[in-house]
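Q: Chains as they are written, first to last, in the working numbering: chain A, 41 to 186; chain C, 41 to 186. All residues carry an ideal CB built from backbone N, CA and C; glycine is no exception. Please read these numbers as outputs of a predicted model, since none were measured by experiment.
Number of protein chains: 2
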Amino acid sequence: MKPTYRIGQVATRTGCSPESIRHYEKLGLLVAPQRGEQGYRHYDQASLERIGFIRHGRSLGLDLHSIQELLALSDHPDTDCAAADEIASRHLEHVEERIAALQVLANELRQVVHQCRGGKAANCKIIKALYDHQPTCSMRGCGEEN
Amino acid sequence: MKPTYRIGQVATRTGCSPESIRHYEKLGLLVAPQRGEQGYRHYDQASLERIGFIRHGRSLGLDLHSIQELLALSDHPDTDCAAADEIASRHLEHVEERIAALQVLANELRQVVHQCRGGKAANCKIIKALYDHQPTCSMRGCGEEN
DNA sequence: CTTGACCCTGTAACGGTTACAGGGTTTAGG
DNA sequence: CCTAAACCCTGTAACCGTTACAGGGTCAAG
Chain A
41 MKPTYRIGQV
51 ATRTGCSPES
61 IRHYEKLGLL
71 VAPQRGEQGY
81 RHYDQASLER
91 IGFIRHGRSL
101 GLDLHSIQEL
111 LALSDHPDTD
121 CAAADEIASR
131 HLEHVEERIA
141 ALQVLANELR
151 QVVHQCRGGK
161 AANCKIIKAL
171 YDHQPTCSMR
181 GCGEEN
Chain C
41 MKPTYRIGQV
51 ATRTGCSPES
61 IRHYEKLGLL
71 VAPQRGEQGY
81 RHYDQASLER
91 IGFIRHGRSL
101 GLDLHSIQEL
111 LALSDHPDTD
121 CAAADEIASR
131 HLEHVEERIA
141 ALQVLANELR
151 QVVHQCRGGK
161 AANCKIIKAL
171 YDHQPTCSMR
181 GCGEEN
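(1) Quick one: residues in its chain with C-beta nearer than 8 Å to the C-beta of Pro175(C), no 5 flanking neighbours on either side, listed in chain order?
(2) Quick check on the DSSP output: the alpha helix (DSSP H) that includes Lys160(A) runs from which residue to which?
(3) Going along chain C in order, which residues have a C-beta closer than 9 Å to the C-beta of Glu89(A)?
(4) Check Arg90(A) in the structure and name its three-state DSSP category.
(5) Do Leu70(C) and Ile91(C) have their CB atoms nearer than 9 Å?
(6) To the nearest angstrom, how far is it from the Cα of His116(A) to the Cα of Asp84(A)?
(7) Does any CB atom of chain A fall closer than 9 Å to the CB of Gln74(C)?
(8) Give me, in chain order, the residues of the same chain whose beta-carbon lies closer than 7 Å to that of Thr119(A); leave out the 5 immediate sequence neighbours on both sides.
(9) Would Ala51(A) count as contacting chain C if we go by Cβ distances under 9 Å?
(10) Note the first and the last residue of the continuous alpha helix (DSSP H) segment covering Tyr171(A).
(11) Work out the CA separation of Val144(C) and Leu142(A) for me, nearest whole Å.
(12) Label Ala169(C) either buried or exposed according to how many other C-beta atoms from any shown protein chain fall within 10 Å of its C-beta, with 16 as the threshold for buried.
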């Protein structure tokens, strides 16, 4: 008999909240675990590792869909893993674009901050800058992701 | 009689979709505009500038709540504008933290990408790295914002 | 007179997580 | 034994800002 864990214990060990674990199950990243007599979920060691995989992917900023693709590859060891490389490369590219965009943004903010110490709003350079019709970066995806 | 614009024209001029404009109105960033006989919204020049202000703020990554605070300052010119500086500074700090986090992340991704050209998933270093229980950055806010 | 381009309202979706409500079960302490 | 706390269950809604619908009305040109 291998040891099993209830969802709360898994949460403690993986740093992943019970809600998220149930969410991953609903989305199909985790197979539905066995249930005890009272309907409680019981997880084995492999599930713990799978959840760790997901969390690590999330901490890298991968979306759950990409993680699901990576898990599918992992579940079929004979598959060509070029797809994994593709996912990671694509994401790296995305992250690099995002860094560049945020740097442009930080520069614009730095030009504006601390320009009007102790003044009145009527003369506030920050507010004036926002009214100025020259959004330094008006392209899509230039602000924060939302 | 000053010229007025319908929502679609405003959208064209500001680059802000009609849905977003109505959304800003519902949230109170814009006052409800006058309505024509058919119930169509009619905007004046000041509204256009206010929407431009909002879009510029959004392009800087400010959230709508912060923008609302800045608009409130702008609406009361006698107020001390230290609050505006506070908002911009706080946001700049946030952006800088985010850049730093993304750079850590990009480094981790770069270590992983292109490690297993043409291999099988069983040996895929990307997948192995994700199973490894050493999430380089497990702190909150280290992944992408979501 | 129809087609298409507008406009209106209200609701739901996206992503991932969190927070409930409303119920049941176990466990530890008195 | 009794009770409170801690845990589990399901389902739903919120968060943020935007987009996309559905289902309806209005107006102009062809």
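A: Reading off the structure:
(1) Position 135 of the second sequence holds residue 175(C). The pLDDT assigned to Pro175(C) is 48, lower than 50, so where the model puts this residue is not dependable; a value taken from the coordinates is nonetheless given after this. Taken in chain order, the list of residues that qualify is empty.
(2) As a first step, residue 160(A) must be located in the first sequence, where it is residue number 120. Note, Lys160(A): premise wrong, no alpha helix (DSSP H); not H, not E.
(3) Residue 89(A) sits at position 49 when you count from the first residue of the first sequence. Neighbours of Glu89(A) in chain C, taken as residues whose beta carbon is under 9 Å from its own, are Tyr171, His173 in chain order.
(4) Mapped onto the first sequence, residue 90(A) falls at position 50. Reduced to three states, the DSSP call for Arg90(A) is helix.
(5) The residue labelled residue 70(C) in the question sits at position 30 within the second sequence. The residue labelled residue 91(C) in the question sits at position 51 within the second sequence. The answer is yes: Cβ separation under 9 Å.
(6) Here residue 116(A) refers to the residue found at position 76 when the first sequence is read from its first residue. Here residue 84(A) refers to the residue found at position 44 when the first sequence is read from its first residue. Near 20 Å, if we compare the C-alpha coordinates of Asp84(A) and His116(A).
(7) Within the second sequence, residue 74(C) is the residue found at index 34, counting from 1. Output row for Gln74(C): interface = no.
(8) Taking the first sequence and counting its residues from 1, the one referred to as residue 119(A) is at position 79. Leu113, listed in sequence order.
(9) As a position in the first sequence, residue 51(A) is number 11, starting the count at 1. Chain C contact via Cβ: absent.
(10) Taking the first sequence and counting its residues from 1, one reaches residue 171(A) at position 131. Per DSSP, Tyr171(A) belongs to the alpha helix (DSSP H) from 165-171.
(11) By 1-based counting over the first sequence, the position of residue 142(A) is 102. By 1-based counting over the second sequence, the position of residue 144(C) is 104. Taking the straight line from one Cα to the other gives about 15 Å.
(12) The residue labelled residue 169(C) in the question sits at position 129 within the second sequence. Classification of Ala169(C): buried, given that the 10 Å Cβ count is 16 or more.
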